[in-house]
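First comes the structure, then the notes that go with it.
4 protein chains.
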Amino acid sequence: MAAVPAAGAPPAVTETNSGRREELLARFHEVRNFSTRLTEHLAPEDCVVQSMPDVSPTKWHLAHTTWFFETFVLKKWMSGYQSEVPEYAYLFNSYYNAAGDMHRRDLRGLISRPTVNESVRFRESINAHIDDLVSGADDRLLDEMEPIITLGIHHEQQHQELLVTDIKHVFAQNPLYPVYRERKIDKRKIDMSPLRFEEFDEATIEIGHDGNDFAYDNEGPRHRALVLPFALANRPVTNAEYLEFIQDNGYSRAQFWLSLGWMAVNEQKWRAPLYWIERDGEWWNFTLSGFRKIDMNEPVTHISYFEADAFANWKGARLPTEFEWERAADKIDIDGNFVESETFHPQPSNSLTQDRQLQQMFGDVWEWTRSSYSPYPGYRAEAGALGEYNGKFMCNQYVLRGGSCATSRTHIRKTYRNFFQPEKRWQFTGIRLARDLT
Amino acid sequence: MAAVPAAGAPPAVTETNSGRREELLARFHEVRNFSTRLTEHLAPEDCVVQSMPDVSPTKWHLAHTTWFFETFVLKKWMSGYQSEVPEYAYLFNSYYNAAGDMHRRDLRGLISRPTVNESVRFRESINAHIDDLVSGADDRLLDEMEPIITLGIHHEQQHQELLVTDIKHVFAQNPLYPVYRERKIDKRKIDMSPLRFEEFDEATIEIGHDGNDFAYDNEGPRHRALVLPFALANRPVTNAEYLEFIQDNGYSRAQFWLSLGWMAVNEQKWRAPLYWIERDGEWWNFTLSGFRKIDMNEPVTHISYFEADAFANWKGARLPTEFEWERAADKIDIDGNFVESETFHPQPSNSLTQDRQLQQMFGDVWEWTRSSYSPYPGYRAEAGALGEYNGKFMCNQYVLRGGSCATSRTHIRKTYRNFFQPEKRWQFTGIRLARDLT
Amino acid sequence: MAAVPAAGAPPAVTETNSGRREELLARFHEVRNFSTRLTEHLAPEDCVVQSMPDVSPTKWHLAHTTWFFETFVLKKWMSGYQSEVPEYAYLFNSYYNAAGDMHRRDLRGLISRPTVNESVRFRESINAHIDDLVSGADDRLLDEMEPIITLGIHHEQQHQELLVTDIKHVFAQNPLYPVYRERKIDKRKIDMSPLRFEEFDEATIEIGHDGNDFAYDNEGPRHRALVLPFALANRPVTNAEYLEFIQDNGYSRAQFWLSLGWMAVNEQKWRAPLYWIERDGEWWNFTLSGFRKIDMNEPVTHISYFEADAFANWKGARLPTEFEWERAADKIDIDGNFVESETFHPQPSNSLTQDRQLQQMFGDVWEWTRSSYSPYPGYRAEAGALGEYNGKFMCNQYVLRGGSCATSRTHIRKTYRNFFQPEKRWQFTGIRLARDLT
Amino acid sequence: MAAVPAAGAPPAVTETNSGRREELLARFHEVRNFSTRLTEHLAPEDCVVQSMPDVSPTKWHLAHTTWFFETFVLKKWMSGYQSEVPEYAYLFNSYYNAAGDMHRRDLRGLISRPTVNESVRFRESINAHIDDLVSGADDRLLDEMEPIITLGIHHEQQHQELLVTDIKHVFAQNPLYPVYRERKIDKRKIDMSPLRFEEFDEATIEIGHDGNDFAYDNEGPRHRALVLPFALANRPVTNAEYLEFIQDNGYSRAQFWLSLGWMAVNEQKWRAPLYWIERDGEWWNFTLSGFRKIDMNEPVTHISYFEADAFANWKGARLPTEFEWERAADKIDIDGNFVESETFHPQPSNSLTQDRQLQQMFGDVWEWTRSSYSPYPGYRAEAGALGEYNGKFMCNQYVLRGGSCATSRTHIRKTYRNFFQPEKRWQFTGIRLARDLT
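Chains as they are written, first to last, in numbering that gives the first Met the number 0: chain W, 0 to 437; chain Y, 0 to 437; chain C, 0 to 437; chain X, 0 to 437.
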């Protein structure tokens, strides 16, 4: 996952007072500090492990997000800047070919140094340099730097989400099932609303970001598209509903599955969502608050696109397109269960919101769409390393919308396009159903 | 690749004369015989080899297309029908889970029996049964059977194309470079037209098959779509043009490539299209007429989606969407260099056609589009084994349009959607460029 | 498997009459013809398949053994000799680095040409050249050539054994279970002798070939060795005895197995010898005469070293060393069930021989020894390509003794050292138990 | 690597005073403390990484050696003993099938908990229990326990060697090249003795351990063997000598290599010993004291059996058998550069010892022998979990003799048989040449 400021973003307005610098630095430090906060309860040993190639060690996330500011801000605009440890440029580049050679992604868990403490020192050193640079910048320099620093802030928020989902995967490998954060028990009785479908007429609408304030380049250009009539479920599919699919032998009936999905089911012996385990006839799951019984009212999560699609087929429905989703989200406020709540797990639909036509569109679980991740008409990646943020991944991935319980509220947008390969399950991914209307 | 009659296909008209039966059987035998004709110059040994999992042995194609008629026609409608060799149902089922267990695809080259002769006997036996069944069918039975027999005929034509591309791959493994069919030398001097772009306005058009006569289910439902303004190249990219890309180090510059494409380039050490070899500074390629120097005027072929996309990026263009392609093909006649010409290789743009706005839209090379292979709005696969023909492959593949020198002229349609994974290169695949118009 | 004339072999005695030439050519043609005879009942399609990397296609064996004579005899001694197809030198070199580059072993099944007929023509052409060369050779040249031609003859006999075991493996992949040769039914009632152990005293003995007549270089130098007291079983282990091991859960009890063997059992899911299949509670096996029920009196075969060793541990015994075996074989005539009998399967101990102290030491099944395949003291491989015949394989293999039902009677010797990796099962391998005597 | 007390070990002599307990506990604590000492300079992050399946994380070594005492001593003899964390039995069992299920070896680097501190607490807890158990044991119980505790002590010493070689491999993955222990510079000028061969006559000798005091079961039974005349090099091969082999293109000439070795060279692209890197025409190597230029006088180390064998072939020599080595070591004192010196690297032959006939037989580098690791005549593994220590690994490994700079002086014996697969290079392995004498 990665990003570039949308080409259409307007040039920063020139100001003469220092408020703009302070605001930028405040936002910068707030987000930088939140990364550290997420590691507070971890031991140094936890921060080293890479449990699969998709996962990065916690300390790699801490260093990589810092490398981003060093590489794309300090090395470019701070005259005389010298890296303290030049090898970091190699170790902490993720995938930017234009920024030089890089360490192999699948070997990140073999690198014990820099230690966590050394990584934190690296963060502090770069933070201080950014402070100096921004504080002393004239308006013209600030105009140049602000979009890149803003991009770096959003980039760090993406890695915060990964840090959370990655440490969950790491802990899940351990039969001791470590706890990342104790659960806050919510005693309120849940009274789940039944699954309903909201209907939408045919319309030619504007899709994509309009270019005011920050967005990733993949959200544009804004353009018109014809959306045929459809219906969309009022809320995500729950564990209870997904369990019916399991109990109806959904995982052993080829007719519901894409061909590649059926191969994944058989090769990887999927029988339930990731982190689910059956013990003595009951289903349990591993959460960031430990190992516990399935809560039937929670949205189902940690499922692949293949499972989402198969469930929808079994249910006689389908997944929405990303245009349908964006159209439906048009009038809805962005609130919900985000990482700021520090529950680190999707929650049952809140009874307070159950009268809404569409619940939990934001937060809780990313919603798989049936749309392949592909460029919008007129899209063109920028030249240079930052052009590698998004465009080069537009192949064999599917778009997800709405954010999850590990996403920052200040990070998500209605036009936000997250994307993963259809077999991935370690993100907080879920299902919202759709239907054709003729 | 596979297919189901479009849901909208009209019921066969009832006739009282025998012409309809004769016509169907004539078409049936014509296509069945062409399969045998394609194997005429092969030794039995050639017909056994599976040179990679994507490739099937020639004799497997002969038997599998026959199994199709046995399974979906004879077993269903011929009372008292008994398979001579029941194990064939296991050996020659390709991927129809609903039709029973099947032999592993990647192990087809380990099966020496039935021999080629025995496979031909199997074909003749099934042909005779179909003759009997159709000749004796009343109109009601014929109404039921005709769509399935027609589907079987189109299915066989798809396998004829694979038979040709597969034997090319088999022969290419052999340093003796066997010749499949001697080349007919065309002495005419070629005067290539320069690359031009034809422009198209924005329009809301009908996409997909209208349901009259045969089409695969993935070509429907016919539906409206908004196509923004674009320009399309007048002809496919030639070897000469592609060679410029190679010589400009296109294969070693990451910035042109999708991330997955860049991995493929490096892991598989791609430096040119499949079957190209550099000897003493000159480029040669293996063709079905043997090993020979590159003809600079031929359309480039045997390239992956990744290479097509990278070439387009290098050229400052892009690939068309399948809707753009279908729009552009609207007024164009279906003719060109098809398998019936028995050249088994794409040909330079014929000077006779060079005044056309769009040349070689049909035949010669399949044209990669940037469209992921996905269901049209309202698409739903049928229940049962034949529902597995198309729908379950709608993931991680790209659509190709227009047919190739290995496609039958009677098989292709303007709405025809071929599809392959973006890394595949053994089909006759090529490039037609497109551009945005703002 | 491969060979070089023992270094100590005496120079060929000079003769003045032509008898020596005739004798050599007679032997040459007899063995060459037997290769062709072994392919008589095969279809061309059978001769192409390589069912695993260890297996070579039948037509590869026909060509490779011919390449041996072309490369090491004709190219060396026939002045002006020109290969008809120079690429054969690449396609049919097996592993002789000093003889040039070679085609990848695991890709032999992808090569359909030369066809079987073309391979036979290649054989005939080389045979004719050898005829000419030997017939016209003076004594001095004959002295030089005879050891290499003799080596080529023995080399061909080794490949005849492989041809038989390889086609068995090929046919076993096919659910049609083709028959290689119809079984000759032996109606005599078998009355198996009970398993007994013959005892041997400590002795310092001579081990290895004495250098008279032909032997492979790995059988020498002859040298003294101290052999401690031991006991050796009177006959190989039978299917009945091996079945007891299976039924006592031998394949699921780690304590009997070498660590690598236990990994093989679990990774490859071994539950019985290769080619055994359980159907409705009864054990069947695939033989070169088709699929049939296990004959309880036959020696067990198609087992790995790991299985032989585990069986011996379960039985409270062990495998013999190759020195113990050679000592025990000292006084025993070389007869038994060899390939000349054309049964192509091990036979129950013949009642006529049951009074012998040691039965079936030769033929029927190769007997795994616990001796790693390593050089005898003073052994040194020759320089040049033929030095690659044996020495370079002396690592991670175990020695087998005595020959099998697929070995030529004229090929085996008491000092003969066959060798395979401990996990291999597709040869006719079996078990003779031994015990320590204190 | 693993071990069981030799069957012939005499029962512990009964004593009435407490000296025997104190001595055992003193030895126990000395060795246990040395494990902790070896980790003193490591960060917690260093102790988690598993850089390849052969390597275990430092903290796994700390816990596994502790598990050994818990499982085989406390659980057996301490009444009412309860594990504090029962899952440790699963996490820290290495390969003892009879002791229950175990965590997959190649996944040890995914387990961040217990942390290093928790592992140290586990060690202290088990140590205290052993103190109590031994202090309070009567003589009869002590007789039973002492051999197992002694085995546990030797087992821990083996893991100390692995801990050192494993952390070297871990650090070598990191381009920052961390230093494990600063080098003590030895300023004395080295004057290398030339390579000489000492000759030995034919003899029938006793091989193996005589059963007094501790030895592993694989060192017995002691038995007679005939050793033919041979010559043995006076010292190990140096880096200077090995470099000649490299410069003579030893790594690209197939004729020196075993077939499997040649495959390893080509697949793994070996061009020099492990940890050697060529920079600007000079050879450097990574050591536990950091990255530095090759010292030409040091014994070459980190080479596989394949490289040792190829070097010997190139030199016109061979590797010794383990019997030859044991015969030659008969009169030599066990001293040398062991782990107690804390150099953690082999040293040049000390000039003080250069007058010795055979230098550096002990310490510095393990010496590959040409002997496959196989059971001595009459060897039989014990029943139960501790019987898995050695016997089950007697396949596809080669014996090494003499210990290394990472071995404890109190751990090695003249009869000690270390063993590794022929492709392994991460131990401190080297070469001593031998020759045949006729």
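Where is the CB? At the ideal position from N, CA and C, for every residue including glycine.
For Leu-259 of chain X, is the beta carbon positioned less than 7 Å from some heavy atom of the ligand FMN? The ligand FMN is not among the ligands present in this structure, which contains no ligands whatsoever.
Beta-carbon proximity of His-168 of chain C to Ser-50 of chain C, cut-off 8 Å: Taking the first residue of the third sequence as position 1, residue 168 of chain C is located at position 169. Taking the first residue of the third sequence as position 1, residue 50 of chain C is located at position 51. Yes, the Cβ-Cβ distance between His-168 of chain C and Ser-50 of chain C is below 8 Å.
Helix, strand or coil for Val-429 of chain X, going by three-state DSSP, please let me know. As a working note, residue 429 of chain X is residue 430 in the fourth sequence. According to the sequence provided, residue 429 of chain X is Gly. The question's Val does not apply to it. Residue state, collapsed to three classes: strand.
Please classify Ile-125 of chain X as buried or exposed, where buried requires at least 16 other C-beta atoms within 10 Å of its C-beta. By 1-based counting over the fourth sequence, the position of residue 125 of chain X is 126. Result: buried.
Let me make sure I understand the geometry here. Which of Y:Pro-421, Y:Ala-42, Y:Ile-148 has the alpha-carbon closest to that of Val-72 of chain Y? Counted from its first residue, the second sequence places residue 72 of chain Y at position 73. Comparing Cα-Cα distances from Val-72 of chain Y to each of Y:Pro-421, Y:Ala-42, Y:Ile-148, the minimum goes to Y:Ile-148.
When the cut-off is 8 Å and only beta carbons count, does Asp-45 of chain Y lie next to chain C? Looking up residue 45 of chain Y in the second sequence gives position 46. So, interface residue.
Along chain C, in chain order, which residues have C-beta atoms closer than 9 Å to that of Gln-267 of chain Y? Taking the first residue of the second sequence as 1, we reach residue 267 of chain Y at position 268. Going along chain C, no residue has its Cβ under 9 Å from Gln-267 of chain Y, so there is no contact; the nearest lies around 16 Å.
Would you kindly work out how many angstroms separate the C-alpha atoms of Leu-48 of chain Y and Thr-164 of chain Y, rounded to a whole number? Numbered from 1 along the second sequence, position 49 holds the residue referred to as residue 48 of chain Y. Numbered from 1 along the second sequence, position 165 holds the residue referred to as residue 164 of chain Y. Going by the sequence as given, residue 48 of chain Y is Val instead of Leu. Roughly 13 Å between the two C-alpha positions.
Would Leu-132 of chain C and Met-191 of chain C qualify as a contact pair, given that the criterion is a beta-carbon distance under 8 Å? To locate residue 132 of chain C, count along the third sequence from 1; it is residue 133. To locate residue 191 of chain C, count along the third sequence from 1; it is residue 192. In terms of Cβ geometry, Leu-132 of chain C and Met-191 of chain C do not form a close pair [threshold 8 Å].
Please name the residue in X:Glu-266, X:Gly-289, X:Ala-263 whose C-alpha comes closest to that of Trp-275 of chain X. Residue numbering aside, residue 275 of chain X sits at position 276 when the fourth sequence is read from its first letter. Comparing alpha-carbon positions, the option among X:Glu-266, X:Gly-289, X:Ala-263 lying closest to Trp-275 of chain X turns out to be X:Gly-289.
Looking at the strands, I want to know which residues DSSP matches up with Val-398 of chain C. Here residue 398 of chain C is taken as the residue at index 399 of the third sequence, counted from 1. Answer by DSSP bridge pairing, in chain order: C:Phe-418.
Report the rounded CA-to-CA distance for Thr-437 of chain Y versus Tyr-215 of chain Y, giving the unit in angstroms. Your numbering for residue 437 of chain Y matches position 438 in the second sequence. Your numbering for residue 215 of chain Y matches position 216 in the second sequence. For Thr-437 of chain Y and Tyr-215 of chain Y, the distance between alpha carbons rounds to 35 Å.
Between Thr-414 of chain W and the rest of its own chain, which residues show a CB-CB distance below 7 Å, the 5 nearest in sequence each way excluded? One-based indexing of the first sequence puts residue 414 of chain W at position 415. Close CB contacts of Thr-414 of chain W within its chain, under the 7 Å cut and outside five residues either way in sequence, are with Gly-207, His-208, Ala-214, Glu-218, Glu-325 (chain order).
Could you tell me which uninterrupted beta strand (DSSP E) segments, each at least 3 residues in length, are contained entirely in the stretch 234 to 309 of chain W, listed from first to last along the chain? Within the stretch 234 to 309 of chain W, the beta strand (DSSP E) runs of at least 3 residues that lie entirely inside it are, in chain order, 275 to 278, 281 to 286, 289 to 292.
Whose CA, out of X:Phe-27, X:Gly-79, X:Ala-97, lies closest to the CA of Thr-65 of chain X? As a first step, residue 65 of chain X must be located in the fourth sequence, where it is residue number 66. The alpha carbon of Thr-65 of chain X has as its nearest neighbour, out of X:Phe-27, X:Gly-79, X:Ala-97, the alpha carbon of X:Phe-27.
Under the DSSP definition of a beta bridge, which residues are partnered with Ile-204 of chain X? Sequence index remark: in the fourth sequence, residue 204 of chain X carries index 205 (1-based). Residue pairing by DSSP puts Ile-204 of chain X in a beta bridge opposite X:Ala-224.
Determine, using beta carbons only, whether Arg-104 of chain W comes closer than 8 Å to chain B. Chain labels in this structure do not include chain B; the protein chains are W, Y, C and X.
Just the C-alpha distance for Pro-421 of chain X and Pro-113 of chain C, rounded to the nearest angstrom, thanks. What you label residue 421 of chain X is simply residue 422 of the fourth sequence in a count that begins at 1. What you label residue 113 of chain C is simply residue 114 of the third sequence in a count that begins at 1. Here the alpha carbon of Pro-421 of chain X sits roughly 39 Å from the alpha carbon of Pro-113 of chain C.
Beta-carbon separation of Leu-141 of chain C and Arg-20 of chain C under 8 Å? On the third sequence, residue 141 of chain C is found 142 positions in, with the first residue counted as 1. On the third sequence, residue 20 of chain C is found 21 positions in, with the first residue counted as 1. Cβ atoms of Leu-141 of chain C and Arg-20 of chain C: closer than 8 Å.
On the three-state DSSP scale, how would you describe Leu-175 of chain C? As a working mapping, residue 175 of chain C is identified with position 176 in the third sequence. Looking at Leu-175 of chain C - three-state DSSP - the assignment turns out to be coil, as it is neither helix nor strand.
Find out if the Cβ-Cβ distance for the pair Ser-93 of chain C, His-63 of chain C is shorter than 8 Å. As a working mapping, residue 93 of chain C is identified with position 94 in the third sequence. As a working mapping, residue 63 of chain C is identified with position 64 in the third sequence. At the C-beta level, Ser-93 of chain C and His-63 of chain C come within 8 Å of one another.
Would Ala-1 of chain C count as contacting chain X if we go by Cβ distances under 8 Å? By 1-based counting over the third sequence, the position of residue 1 of chain C is 2. At Ala-1 of chain C the pLDDT is 39, less than 50, meaning the model places this residue with poor confidence and gives no usable figure here.
Please state whether the Cβ-Cβ distance between Glu-44 of chain X and Ser-34 of chain W is less than 8 Å. Along the fourth sequence, one-based indexing puts residue 44 of chain X at 45. Along the first sequence, one-based indexing puts residue 34 of chain W at 35. Against a cut-off of 8 Å, the Cβ pair of Ser-34 of chain W and Glu-44 of chain X comes out as no contact.
For Ala-433 of chain Y and Leu-231 of chain Y, which I take to be in contact (beta-carbon distance under 8 Å), what is that distance rounded to the nearest angstrom? Within the second sequence, numbered from 1, the residue matching residue 433 of chain Y stands at position 434. Within the second sequence, numbered from 1, the residue matching residue 231 of chain Y stands at position 232. Contact flag correct, Cβ pair sits at about 5 Å.
Boundaries of the alpha helix (DSSP H) in which Ala-88 of chain W is found, first to last residue: For this step, residue 88 of chain W is matched to residue 89 along the first sequence. For Ala-88 of chain W, the enclosing alpha helix (DSSP H) has its first and last residue at 87 to 90.
Coarse secondary structure for Thr-38 of chain C, derived from DSSP in three states: Start at 1 with the first residue of the third sequence, and residue 38 of chain C comes out as number 39. Residue state, collapsed to three classes: coil.
Going by DSSP, which residues form a beta bridge with Phe-196 of chain C? Along the third sequence, read from residue 1 onward, the residue named residue 196 of chain C stands at position 197. Per DSSP, the beta-bridge partners of Phe-196 of chain C are C:Ala-232.
Taking 8 Å as the cut-off, decide whether the C-beta atoms of Leu-287 of chain C and Arg-234 of chain C are in contact. Taking the first residue of the third sequence as position 1, residue 287 of chain C is located at position 288. Taking the first residue of the third sequence as position 1, residue 234 of chain C is located at position 235. No, the pair does not count as a contact, with Cβ atoms beyond the cut-off.
Bounding residues of the alpha helix (DSSP H) (the contiguous stretch that carries Glu-366 of chain Y): For the purposes of this step, residue 366 of chain Y is taken as the residue at position 367 of the second sequence. For Glu-366 of chain Y, there is no enclosing alpha helix (DSSP H); the residue is part of the beta strand (DSSP E) that begins and ends at 365 to 371.
Listed by chain order, chain W residues near Leu-150 of chain Y by CB distance under 9 Å: Stepping through the second sequence from its first residue, residue 150 of chain Y is reached at position 151. Ordered by position in chain W, no residue passes the 9 Å Cβ test against Leu-150 of chain Y, which lies about 19 Å from the chain.
Beta-ladder partner(s) of Asp-435 of chain W, from DSSP: Here residue 435 of chain W is taken as the residue at index 436 of the first sequence, counted from 1. BP columns for Asp-435 of chain W point to W:Phe-229.
Cβ neighbour criterion (16 or more within 10 Å) applied to Asn-116 of chain C: Against the third sequence, residue 116 of chain C aligns to sequence position 117. Under this definition Asn-116 of chain C is an exposed residue.
List, in chain order, every chain Y residue whose beta-carbon is nearer than 7 Å to that of Ser-288 of chain C. Translated into positions along the third sequence, residue 288 of chain C becomes position 289. Taking a Cβ-Cβ threshold of 7 Å, none of the residues of chain Y is close to Ser-288 of chain C; the smallest such distance is about 16 Å.
Using a C-beta to C-beta distance shorter than 7 Å, which residues of chain W count as neighbours of Phe-392 of chain Y? Against the second sequence, residue 392 of chain Y aligns to sequence position 393. Against chain W, the beta carbon of Phe-392 of chain Y has neighbours under 7 Å at Ser-258, listed in chain order.
By the DSSP assignment, the alpha helix (DSSP H) with Ile-129 of chain C in it spans what residues? If you number the third sequence from 1, residue 129 of chain C lands on position 130. Ile-129 of chain C -> alpha helix (DSSP H) spans 115 to 134.
Are the beta-carbon atoms of Val-236 of chain C and Tyr-250 of chain C separated by less than 8 Å? As a position in the third sequence, residue 236 of chain C is number 237, starting the count at 1. As a position in the third sequence, residue 250 of chain C is number 251, starting the count at 1. No, these two residues do not count as a Cβ contact at 8 Å.
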